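Colleague: Residue numbers (our numbering), protein chains in the order written: chain P, 653 to 815; chain D, 36 to 134. In this text, a Cβ means the ideal position worked out from N, Cα and C, and glycines have one as well. Since the model is a prediction, treat every value here as computed from it, not as a measurement.
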């Protein structure tokens, strides 16, 4: 019962904040609603007993990505400007396609045979770290190369060109 | 909670991301929508990892979190570059390469 209430509250907050993030006109507000969505996702990870991931979610997304996005919105002029309203035809087409995506996934969930919850949870930060250091070592190293490439790319792109 | 509750929740989140990506005309708004869709995928990965008892799902989620952060960094510097050359972030204003 307690788990159900927690899930319901988190799910409602998640969907409401995601809806606000895609529909509000002011970009600063949109980014702040996204921060709430990402935080609620972290809370959802706690209900799935993935506590290490929940902490990473809050540190990296709410701490890192949201700060970056807010900086970008405020460094550009967009803070004074509202998003140009989409035409109602475009909004209708977008809503229709989104509803189709949701309907298709729900139909698949409806007909498929899903596993029940196992009693014990054996996944801890230790197991994740061990799998990164043993069988997924190559992926781990590729990820560090990717992060290096992203850092260098961001510096090259954002650097002011000399006149 | 049954696994289907988590999958339906992530499907709803993904659909909201799709809606945002189709209706937003601002580059940062588009990035916000893409983040929503990536998060929906992550919720699915973590839920399946919990219900199947496999650590791979969580390792993969860490991987995608790092990927999304790198994508946001590069995307936002592209946005700054776009703003510097166009003085606008509307994606229609950057359409001169359109064939």
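For residue 746 (chain P), which residues in chain D fall below 7 Å Cβ to Cβ?
Modeller: Here residue 746 (chain P) refers to the residue found at position 94 when the first chain is read from its first residue. The answer, in chain order, is 54, 57 and 58.
Colleague: If we cut at 8 Å on Cβ distances, does residue 91 (chain D) have a partner in chain P?
Modeller: Taking the first residue of the second chain as 1, we reach residue 91 (chain D) at position 56. Residue 91 (chain D) counts as touching chain P.
Colleague: Using beta-carbon positions only, say whether residue 116 (chain D) and residue 809 (chain P) come within less than 8 Å of one another.
Modeller: The residue given as residue 116 (chain D) occupies position 81 in the second chain. The residue given as residue 809 (chain P) occupies position 157 in the first chain. Cβ distance < 8 Å, so residue 116 (chain D) and residue 809 (chain P) count as in contact.
Colleague: Counting pairs of beta carbons, one from the stretch 72-82 of chain D and one from the stretch 695-702 of chain P, are three or more of them closer than 8 Å?
Modeller: Touching, yes, given that three or more Cβ pairs across the two stretches are closer than 8 Å.
Colleague: Between D:60, D:88 and D:106, which has its C-alpha nearest residue 713 (chain P)'s C-alpha?
Modeller: Locating residue 713 (chain P) in the first chain gives position 61, where the first residue counts as 1. Selected option, being the one with the closest Cα: D:106.
Colleague: What residue does the alpha helix (DSSP H) around residue 760 (chain P) start on, and which one ends it?
Modeller: Counting from 1 along the first chain, the entry for residue 760 (chain P) is found at position 108. Unbroken alpha helix (DSSP H) run through residue 760 (chain P): 740-763.
Colleague: Drop a sphere of 10 angstroms on the beta-carbon of residue 687 (chain P), count the other beta-carbons inside from all chains shown, and report buried for 16 or more, exposed for fewer.
Modeller: Sequence index remark: in the first chain, residue 687 (chain P) carries index 35 (1-based). With 16 or more Cβ atoms within 10 Å of its Cβ, residue 687 (chain P) is classed as buried.
Colleague: What do you get for residue 52 (chain D), buried or exposed, if any count of 16 or more other CB atoms within 10 angstroms of its CB means buried?
Modeller: Mapped onto the second chain, residue 52 (chain D) falls at position 17. Burial call: buried.
Colleague: For residue 84 (chain D), return the contacting residues in chain P, with the cut-off set at a CB-CB distance below 7 Å.
Modeller: Within the second chain, the letter at position 49 stands for residue 84 (chain D). Near residue 84 (chain D) (Cβ distances below 7 Å), the residues of chain P are 775.
Colleague: Roughly how many angstroms separate the alpha carbons of residue 123 (chain D) and residue 727 (chain P), rounded to a whole number?
Modeller: Working through the second chain from its first residue, we reach residue 123 (chain D) at position 88. Working through the first chain from its first residue, we reach residue 727 (chain P) at position 75. C-alpha separation (whole angstroms): 12 Å.
Colleague: Locate the alpha helix (DSSP H) running through residue 778 (chain P), then write down its first and last residues.
Modeller: Counted from its first residue, the first chain places residue 778 (chain P) at position 126. Note, residue 778 (chain P): alpha helix (DSSP H), 777-785.
Colleague: Classify residue 77 (chain D): buried if its beta carbon has 16 or more other beta carbons within 10 angstroms, exposed otherwise.
Modeller: To locate residue 77 (chain D), count along the second chain from 1; it is residue 42. Buried, because 16 or more other Cβ atoms sit within 10 Å of the Cβ of residue 77 (chain D).
Colleague: From D:40, D:57 and D:39, pick the residue whose C-alpha is nearest to that of residue 751 (chain P); which is it?
Modeller: Indexing the first chain from 1 puts residue 751 (chain P) at position 99. Among D:40, D:57 and D:39, the Cα nearest to that of residue 751 (chain P) belongs to D:57.
Colleague: For residue 79 (chain D), name the three-state secondary structure that DSSP assigns.
Modeller: If you number the second chain from 1, residue 79 (chain D) lands on position 44. Residue 79 (chain D) falls in the helix class under three-state DSSP.
Colleague: Is residue 74 (chain D) helix, strand or coil by DSSP?
Modeller: Position 39 of the second chain, counting from 1, holds the residue named residue 74 (chain D). Correct three-state label for residue 74 (chain D): helix.
Colleague: Based on the DSSP secondary-structure assignment, which residues constitute the bridge partners of residue 709 (chain P)?
Modeller: Position 57 of the first chain holds residue 709 (chain P). Answer is none; residue 709 (chain P) lacks a bridge partner.
Colleague: Which residues in the same chain have their Cβ closer than 6 Å to the Cβ of residue 802 (chain P), if we skip the five residues on either side of it in sequence?
Modeller: To locate residue 802 (chain P), count along the first chain from 1; it is residue 150. Excluding positions up to five away in sequence, the list is empty.
Colleague: Alpha carbon to alpha carbon, how far is residue 717 (chain P) from residue 104 (chain D)? Give it in angstroms, no decimals.
Modeller: Residue mapping note: residue 104 (chain D) aligns to position 69 of the second chain, counting from 1. Residue mapping note: residue 717 (chain P) aligns to position 65 of the first chain, counting from 1. Rounded to the nearest angstrom, the two C-alpha atoms are 6 Å apart.
Colleague: Counting only runs of 4+ residues fully inside the stretch 669-712 of chain P, write out the alpha helix (DSSP H) ranges in chain order.
Modeller: Correct list: 679-699 and 703-709.
Colleague: Mind checking residue 756 (chain P): buried by the 16 CB within 10 Å criterion, or exposed?
Modeller: For this step, residue 756 (chain P) is matched to residue 104 along the first chain. Exposed, since its Cβ has fewer than 16 Cβ neighbours within 10 Å.
Colleague: List the endpoints of the continuous alpha helix (DSSP H) containing residue 810 (chain P).
Modeller: Taking the first residue of the first chain as position 1, residue 810 (chain P) is located at position 158. Taken as a continuous stretch (DSSP letters only), the alpha helix (DSSP H) holding residue 810 (chain P) covers 789-810.
Colleague: Chain D partners of residue 653 (chain P), CB-CB under 9 Å?
Modeller: On the first chain, position 1 is the one that residue 653 (chain P) refers to. Correct list: empty, because the minimum Cβ distance to chain D is about 11 Å.
Colleague: Between the C-alpha atoms of residue 702 (chain P) and residue 655 (chain P), what's the straight-line distance to the nearest angstrom?
Modeller: Position 50 of the first chain, counting from 1, holds the residue named residue 702 (chain P). Position 3 of the first chain, counting from 1, holds the residue named residue 655 (chain P). Near 15 Å, if we compare the C-alpha coordinates of residue 655 (chain P) and residue 702 (chain P).
Colleague: Measure from the C-beta of residue 681 (chain P) to each C-beta in chain D and report whether the shortest distance is under 8 Å.
Modeller: Counting from one through the first chain, the residue named residue 681 (chain P) turns up at place 29. No, because no Cβ of chain D sits closer than 8 Å to the Cβ of residue 681 (chain P).
Colleague: I'd like to know whether the C-beta atoms of residue 708 (chain P) and residue 97 (chain D) end up nearer to each other than 8 Å.
Modeller: In the first chain, the residue the question calls residue 708 (chain P) occupies position 56. In the second chain, the residue the question calls residue 97 (chain D) occupies position 62. Cβ distance < 8 Å, so residue 708 (chain P) and residue 97 (chain D) count as in contact.
Colleague: Below 8 Å CB to CB, which residues in the same chain sit around residue 135 (chain D) once its five sequence neighbours on both sides are set aside?
Modeller: What the structure shows of chain D is the stretch from 36 to 134, and residue 135 (chain D) is not part of that stretch, so it cannot be assessed.
Colleague: Can the beta-carbon of residue 659 (chain P) be found closer than 8 Å to that of residue 94 (chain D)?
Modeller: What you label residue 659 (chain P) is simply residue 7 of the first chain in a count that begins at 1. What you label residue 94 (chain D) is simply residue 59 of the second chain in a count that begins at 1. No.
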